[in-house]
Amino acid sequence: MKELICEIGRRMYARNYVAANDGNITMKTEAGTIWATPTGVSKGYMTPDMLVEMDMQGNVLSGTYKPSSEIKMHLRVYQENSEVRAVVHAHPPVATAFAIAGIDLDQAISPEAIVNLGRVAVAPYATPGTQEVPDSIAPYCKGYHAVLLANHGALTWGRDMTEAYFRMESLEHYALMYMYASRLLGRTNELSSEQVAELVDIRSRMGVTSGGNPSLRRREEDTLFDRLADKIVERVLSKLNS
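If you're matching positions, the sequence shown starts at 1 in the numbering used here and goes up one per residue.
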């Protein structure tokens with residue numbers, strides 16, 4: 001278990017999901033205690049002896065290092081959702097950019113994202129290390145698999161450490177694809193409600209009953225929105241040229 005946490009830390013560091021001493025990882029044991037990454041240590045250079053064992057109230061049971069002040073949000077996820085066995089917090093650049101911009105990642109554009117993640121909302125801004133953070137994420141712990149932390153980063157969780165970490169990978173990949181399509185190419189081809197329903201059914205048959213569903217806009221709504229935007233641009237240009 002401790003070796004796996006260190007391996008996940010190295011992967012996060014190698015993929016640029018964390019810089020310097022950023023990020024934290026926790027994993028719940030069969031006994032109900034938590035193994036947590038220490039504060040002030042790079043996730044790329046952790047060793048098993050650095051990890052801290054804690055109870056569900058945040059009290060240190062063993063270990064010579066101090067836990068991160070952000071352990072509060074990890075504990076909140078475990079307290080709100082009994083199925084969760086691992087939580088990962090990181091600052092993946094593209095997903096964090098959406099968190100900074102206050103943009104939910106809830107577009108129905110990727111089958112894999114719908115099955116693996118579902119909807120990813122932006123939780124209200126909270127000062128890192130304070131009680132504000134766990135309070136801000138509490139509404140998302142049961143019905144979602146991930147949440148963006150406004151102006152901060154991302155948090156993912158799962159039924160085991162691999163699932164929790166892979167959701168962080170999926171989140172960053174989804175954010176990157178959406179950025180390329182919407183910001184660089186200028187458009188996205190969203191899946192229909194029927195296609196999304198099929199994917200949600202697949203997700204359910206895989207034993208995943210939460211995750212939230214993507215937001216859907218009807219094609220005619222998209223067309224109306226585009227026409228309205230064109231008219232606004234035309235009016236602005238007309239005034240500038242007059």
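Built from N, CA and C at the ideal position, the CB exists for glycine as well.
Going by the DSSP bridge assignment, what does residue 137 pair with across the sheet? In the DSSP assignment, no residue is bridged to residue 137.
For residue 69, count neighbouring C-beta atoms within 10 Å of its own C-beta (all shown protein chains included) and say buried if the count is 16 or more, exposed if not. By the Cβ-count criterion, residue 69 is exposed, with fewer than 16 other Cβ atoms from all chains shown falling within 10 Å of its own Cβ.
Contacting residues, own chain, Cβ-Cβ under 7 Å from residue 147 (five flanking each side not counted): Excluding sequence neighbours, residue 147 sits near 120, 121, 123, 137, 140 and 155.
Is residue 180 close to chain B, meaning its C-beta is less than 7 Å from at least one C-beta of that chain? Structure shown: chain B not included; a single protein chain is present.
Classify residue 193: buried if its beta carbon has 16 or more other beta carbons within 10 angstroms, exposed otherwise. Looking at its Cβ environment, which holds fewer than 16 other Cβ atoms inside 10 Å, residue 193 is exposed.
Would you mind sorting residue 26 into buried or exposed? The rule is 16 or more other CB atoms within 10 Å of its CB. The C-beta of residue 26 has 16 or more other C-beta atoms within 10 Å across all chains shown, which makes the residue buried.
Going by DSSP, what residue range makes up the beta strand (DSSP E) through residue 146? Start and end: 146–149.
Let me know if residue 218 comes out buried or exposed under the rule of 16 or more other beta-carbons within 10 Å of its beta-carbon. With a pLDDT of only 43 at residue 218, under the threshold of 50, the placement of this residue in the model should not be trusted; the figure read from the coordinates follows. Exposed: under 16 other Cβ atoms inside 10 Å.
Have a look at residue 198 and residue 117 and give me their C-alpha separation to the nearest angstrom. Spanning the two alpha carbons is a distance of roughly 15 Å.
Per DSSP, the bridge partner or partners of residue 53: Partner(s): 35 and 62.
Bounding residues of the beta strand (DSSP E) (the contiguous stretch that carries residue 156): According to the DSSP assignment, residue 156 belongs to the beta strand (DSSP E) that extends over 153–158.
State the start and end residues of the unbroken beta strand (DSSP E) segment that holds residue 27. Start and end: 24–28.
Can you tell me whether DSSP reads residue 89 as helix, strand or coil? Residue 89 sits in a strand when the DSSP states are folded into three classes.
Exposure label - residue 167; buried when at least 16 CB within 10 Å: Under the 10 Å beta carbon count, residue 167 is surrounded by 16 or more other beta carbons and is classified as buried.
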